[in-house]
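Every letter in the sequence shown is one number past the one before it in the working numbering, and letter 346, counting from 1, is 349. Positions of the beta carbon are idealized from the N, C-alpha and C atoms, including for glycine. Please read these numbers as outputs of a predicted model, since none were measured by experiment. The block underneath contains the structure these notes are about, expressed in structure tokens.
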Amino acid sequence: MPPLARFRLIQCETVNGCMNKTLLNSVHIFRVRPSATVRLCTVAILLMTGAIGAAQPEDAAPASDDLFFFRPNTPERQVRGAILAERLDRPDLALGYLNDLIDANPSAEQLRKLRTEFGIGAFLKLSAAPLLQPASGELLKMVNEATHEPAPTADAVEVLIQQLGRSQQQTTEAALKILAAEDAAVVPLLAADRETPQGDLAAGLLNKYVRRYRRGLVAALPDADESTAVRILTLLSQTAAPELSLDVLPYRFSESSEIAAAAKLALEKLQADPAWGSSREQAVTVLLYEIQRLLTLAGKDFPADSDVLAEQALARQLSTTSAPQKIAAVEPDAEESAERPYGSVYLARAVGLASKAAIVDPNSQAVLAAQVATQAAEQSWPAQWPEVTDADVEDDSIGADTFAEALELAVSTKNPGAILPLLVRQNLAVNVAQQHPKLLRESLLCGDVRVRLLAAAVAKRGELTNLLSRQTIKAAVAGSPQPEAVVIDSRAGESSAVAGVLTDMNYRVAARNTGRSGFEAAAAQLQCELILVHSNCLRWSLSDTITNLRADYRTQNSPIIIYGPAAHEETTDTIRTRFRGVWFVPEPISVVTLPDTLRLANFPPPSLSTTERQQMIRFARTLR
């Protein structure tokens with residue numbers, strides 16, 4: 004008798020929860036026609052024992068493949084199948100499962116469950132497989148977007164507070180979401196009625212996690228009524244965060260005796276010295292000292308890594324404070340860094356502290372001068388050559404004494420962003436220069452050529468011309484619209500060869516054979532943007548050459564590259580550690596490799612743009 008049908012016999016095993024076909028044979032089943040009862044019992048026994056997964060005619064076109072008899076059709080099975088197929092070196096099958104999952108357009112809840120079940124590591128591993136692209140990368144992005152929930156808003160926190168105390172699960176979930184809201188939760192938590200069970204739990208949450216909410220509490224202080232301000236100050240006293248002392252300090256001199264007492268108690272707990280800022284004079288001195296420090300940090304040409312990290316931490320601290328201190332947190336992104344250059348956060352904090360100092364002593368001329376200097380620096384940051392340099396423009400919005408004190412503060416910090424907006428007010432600057440010649444001299448010795456040129460213009464207008472101002476004007480008139488550089492190499496013919504590399508990089512280069520002549524060439528330029536010194540330079544040695552370059556005000560901010568054999572990198576380590584803004588590049592120097600090497604070393608770009616150089620040259624010619 005002919006066989007009833009030709010069937011496939013599949014032996015199945017379970018791998019990660021899925022049936023894996025390991026044996027696939029074609030056999031003839033039932034050469035005799037048994038009864039219907041026998042056939043049903045036989046199939047049932049085979050399925051129950053796991054000897055076969057299923058049987059179907061070969062020509063029925065089942066939804067199966069070489070790995071699974073039943074093709075995965077749920078998100079969990081599809082991810083599990085993709086992981087298994089990738090392990091078995093079947094990327095074609097894994098890619099198919101991932102495409103099936105993406106085409107199914109899973110919900111955000113399903114994607115969150117997938118991340119919980121498999122962990123983000125599984126999706127990262129799949130996305131790292133080139134043969135699974137682009138599906139694996141798209142799936143990873145979908146999972147990340149689904150699991151990244153925006154923090155609850157203040158309105159959402161108010162709703163969450165009402166869920167506290169209903170049940171243990173609801174209370175736990177609501178509390179976690181309130182904590183995720185960070186500082187946005189502060190105002191609703193403060194506003195919750197502590198006489199109700201929900202308000203009592205909200206108050207307990209605020210008390211327990213007060214350090215987490217410390218910046219939100221500081222931001223809520225200015226708009227708080229008396230009782231709320233007292234409560235906030237009491238909470239801040241429990242944060243063990245001495246950096247908040249400057250924010251609490253103005254409230255020590257509040258007209259409300261209760262707020263003043265609470266602020267005093269908070270400062271005693273936050274500061275080791277109980278007499279810290281005990282009088283208005285001391286408080287103003289403390290605030291002005293911090294303002295000067297921040298202005299100095301913001302004006303650094305070669306900030307240390309610790310300075311950059313400190314500014315990033317300060318940005319996170321200020322991310323919730325009110326204007327003018329509101330600053331978005333710094334992210335490690337190149338575009339973000341380009342939009343917010345180093346120093347802007349320090350300046351924003353300085354402006355805020357100047358406003359706090361005005362609360363402590365609104366009649367202090369030093370405080371008013373600090374406000375003028377900090378606001379000018381923040382508004383003009385990053386520092387650029389000012390567009391308006393008309394010496395005949397009258398400006399009487401700032402008193403002469405206040406202007407003089409603001410200029411003195413700016414010059415003491417060596418911050419060009421604070422000095423330039425003040426010197427551009429030529430009439431006031433001339434009066435100050437005539438009465439305070441020391442300020443003019445310090446401006447002419449500034450490391451920033453823009454400051455020096457404006458100071459030379461002030462000296463010219465006030466008939467205070469001297470050698471320093473004449474040198475500045477002469478260098479500017481002879482300056483180049485291109486970035487200027489100097490190469491110092493004592494080997495015969497080598498300085499010209501390296502100079503050719505920089506010329507191809509659009510620099511105007513002066514090639515010199517000795518350390519001394521190289522120093523003189525750099526000092527004579529408008530602004531030397533790059534100095535290349537060979538590790539074996541002569542007549543001055545390498546150490547003497549770099550020491551003199553860093554000692555002179557005209558080259559103290561010029562980036563320096565030491566180049567030479569790779570073995571010399573270690574021997575020059577002491578010099579590079581001693582002076583900021585010094586790099587080492589191994590030979591050979593090539594136009595092909597040097598730009599990428601500088602970029603990888605985080606070498607700074609030219610400080611002056613082409614437009615600035617052209618404007619400064621034209622302006623200098625009017626001063627001859």
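Review point. So what's Tyr212 in DSSP terms, helix, strand or just coil?
Key: coil
Check your understanding: Going by other Cβ atoms of all chains shown within 10 Å of its Cβ, with 16 needed for buried, is Lys441 buried or exposed?
Key -> exposed
Point to revise | Among Ile476, Leu447 and Asn430, nearest to Arg464 - alpha-carbon criterion | key: Asn430
**Study point:** Chain-order list of residues whose beta-carbon lies under 7 Å from that of Leu283 (same chain, five-residue window excluded)
**Key:** With the sequence shown as reference, residue 283 is identified as Arg, and Leu is not the correct amino acid for it. Contacts found: Phe256, Val363 and Asp364.
Check your understanding: Who are the near neighbours of His640 in its chain, counting only those whose CB is closer than 7 Å to its CB and skipping five residues on each side?
Key -> Look at the range of the chain in this structure, 4 to 627, and you will see that residue 640 is not part of it.
Check your understanding: Val82 lies in the beta strand (DSSP E); which residues open and close that run?
Key -> It is not in any beta strand (DSSP E) - Val82 instead sits in the alpha helix (DSSP H) that spans Pro78 to Arg90.
Check your understanding: Looking at Ala525 and Ala552, is the spacing between their C-beta atoms short of 8 Å?
Key -> Checking the sequence shown, residue 552 turns out to be Leu, not Ala. Cβ distance < 8 Å, so Leu552 and Ala525 count as in contact.
Check your understanding: Tell me the DSSP bridge mates of Pro589?
Key -> Gly567
Point to revise | Rounded C-alpha distance that separates Asp599 from Ala227 | key: 54 Å
Check your understanding: Rounded to a whole number of angstroms, what is the C-alpha to C-alpha distance between Arg296 and Arg428?
Key -> So the two alpha carbons sit approximately 25 Å from each other.
Check your understanding: Bridge partners of Val489, per DSSP?
Key -> Ala513 and Ile534
Check your understanding: Counting Cβ pairs closer than 8 Å, one from the stretch 116-133 and one from the stretch 83-90, do we hit at least three?
Key -> By the Cβ rule, the stretch 116-133 counts as touching the stretch 83-90, because three or more pairs are nearer than 8 Å.
Check your understanding: Of the residues Cys531, Asp576, Ile491 and Thr574, which one's Cα is nearest the Cα of Leu541?
Key -> Scanning Cys531, Asp576, Ile491 and Thr574 for the CA closest to the CA of Leu541 turns up Ile491.
**Study point:** For Ser282, three-class secondary structure by DSSP
**Key:** Note: Ser282 maps to coil in three-state DSSP.
**Study point:** Straight-line gap, His529 to Pro568 (C-alpha atoms, nearest Å)
**Key:** Strictly speaking, residue 529 in this sequence is Leu, with His absent from that position. Each residue's alpha carbon lies about 31 Å from the other.
Check your understanding: Residues in its own chain within less than 6 Å of Pro486 by CB, not counting five upstream and five downstream?
Key -> Result list for Pro486: Tyr510, Glu532 and Pro609, in chain order.
Point to revise | CA nearest to the CA of Lys128, picked from Leu142, Arg115 and Lys116 | key: Leu142
Practice item. Following the continuous alpha helix (DSSP H) through Gln368, name the residue where it begins and the one where it ends. Key: Gln368 to Gln382
Practice item. Go ahead and label Asp92 buried or exposed: buried means 16 or more other beta carbons lie within 10 angstroms of its beta carbon, across all protein chains shown. Key: exposed
Review point. Apart from the five residues just before and just after Thr613, which ones in its own chain have a Cβ nearer than 8 Å to its Cβ?
Key: Pro484 and Gln485
Check your understanding: Roughly how many angstroms separate the alpha carbons of Cys449 and Ser415, rounded to a whole number?
Key -> Rounded to the nearest whole angstrom, the C-alpha separation of Cys449 and Ser415 is 10 Å.
Practice item. Within the same chain, show all residues whose beta-carbon is closer than 7 Å to that of Ser347, passing over the 5 residues directly before and after it, in chain order. Key: Trp384
Exercise for review: Compare the Cα-Cα distances from Asp95 to each of Asn76, Gly168 and Leu135 and report the closest residue.
Suggested key: Leu135
**Study point:** Own chain residues within Cβ distance below 7 Å of Ala623, not counting five before or after
**Key:** Leu456, Ile476, Ala479 and Val480
Review point. What did DSSP end up calling Ile347 once you bin it into helix, strand or coil?
Key: With the sequence shown as reference, residue 347 is identified as Ser, and Ile is not the correct amino acid for it. Correct three-state label for Ser347: helix.
Practice item. Starting from the C-beta of Thr174, find all residues in its chain whose C-beta is less than 8 Å away, skip the five residues before and the five after it, and write them out in chain order. Key: Gln166, Leu167, Gly168 and Leu204
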